[in-house]
Amino acid sequence: MKAIIELTFLRDDTAKVWITASNGRFSGETEQYINADVLQTLSEQLVGFPKSNSDEVIFEIGEKGSIYGHCKFKFYCFDSAGHTAVIVSVSNEIAGNESADNICFAKFKIQFEASSLDKFSSSIKRALNSGEGKSVLLGINTYTQNIPSHYS
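Residue numbers (numbering that gives the first Met the number 0): 0 to 151.
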């Protein structure tokens, strides 16, 4: 399994996204009804990311701990050389059993190259313009295992 984020968008009567993500060892997925403006904002914030080593972009939909699912991406630089990663946090309830003890949750880090992020951002814009589409952020092998895990 490879490190990847897939965001599938469909604008019908209401806008909806399906998000699947994996770092190669852990994975998670969720689906959310959204205001498409949040994807527009995300794609704009990711243009030219990172602008500095302290730059962060946070994308969050749904409510953390909700039986209806949640997704949070935190894009950041993890070193002074400008290497980038995203902390992925996704949850979703088990289909047909909507209770708090049936929530599935995954949280992990994916490192990526700037060119992959540019393609991801551009494909979000294309999906928004056409009313549907899949955007993919391909991850890379980690540079080091000594990256602080205090980013959340």
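Just so you know, even glycine gets a beta-carbon here, dropped at the ideal spot from N, CA and C.
Cα-Cα separation between residue i and residue j, rounded to whole angstroms
i              : j                 : result
alanine 20     : leucine 9         : 18 Å
lysine 15      : asparagine 140    : 30 Å
arginine 125   : isoleucine 3      : 19 Å
tyrosine 150   : serine 88         : Caution is warranted here: a pLDDT of 49 is assigned to tyrosine 150, below 50, making its placement in the model unreliable, and no coordinate value can be reported.
isoleucine 102 : histidine 69      : 10 Å
glutamine 39   : phenylalanine 111 : 21 Å
serine 5       : glycine 81        : First, the amino acid is wrong: residue 5 is glutamate here, not serine. Going by the C-alpha atoms only, they are around 24 Å apart.
glutamate 59   : lysine 1          : 23 Å
tyrosine 67    : aspartate 117     : 30 Å
Cut-off 7 Å between Cβ atoms - residues of its own chain near residue i, not counting five sequence neighbours on either side
i            : result
threonine 13 : Tyr32
serine 120   : Ser42, Leu45 and Val46
glycine 130  : Arg10
threonine 7  : Val16, Trp17 and Lys133
Option in the options with minimal Cα separation from residue i
i           : options                        : result
serine 26   : Glu43, Leu38, Ile86 and Tyr75  : Ile86
alanine 235 : Gln44, Phe72 and Asn34         : This structure gives no information on residue 235, because the portion of the chain shown stretches from 0 to 151.
leucine 127 : Met0, Gly23, Ala35 and Glu28   : Ala35
arginine 24 : Glu59, Lys108 and Glu62        : Lys108
glycine 61  : Ser90, Gln39, Cys76 and Gly138 : Ser90
glycine 138 : Asn22, Thr7 and Lys118         : Asn22
alanine 84  : Ile57, Leu6 and Thr40          : Ile57
cysteine 76 : Glu28, Asp117, Glu55 and Leu38 : Glu55
serine 114  : Phe74, Phe48 and Gln39         : Phe48
lysine 63   : Lys50, Val37, Glu92 and Phe74  : Glu92
Own chain partners of residue i with C-beta closer than 8 Å, once the 5 adjacent residues on each side are dropped
i             : result
glutamine 144 : Residue placement at glutamine 144 is poorly supported in this model, since its pLDDT is 46, which falls under 50; the coordinates still yield a value, given next. Answer for glutamine 144: no residue qualifies.
serine 122    : Gly132, Lys133, Ser134 and Val135
serine 79     : Asn52
Residues that residue i bridges to, as DSSP identifies them
i            : result
arginine 10  : Ala14
isoleucine 4 : Ala20 and Leu136
Sequence-distant residues of the same chain with beta carbon closer than 6 Å to residue i, five excluded per side
i            : result
glutamate 30 : Trp17
Practice item. Entirely within the region 101-150 and at least 3 residues each: give me those beta strand (DSSP E) ranges in chain order. Key: 102-111 and 131-137
Check your understanding: At what residue ranges does the region 16-85 contain a whole run of the beta strand (DSSP E), taking only runs of 3 or more?
Key -> 26-33, 55-61 and 69-76
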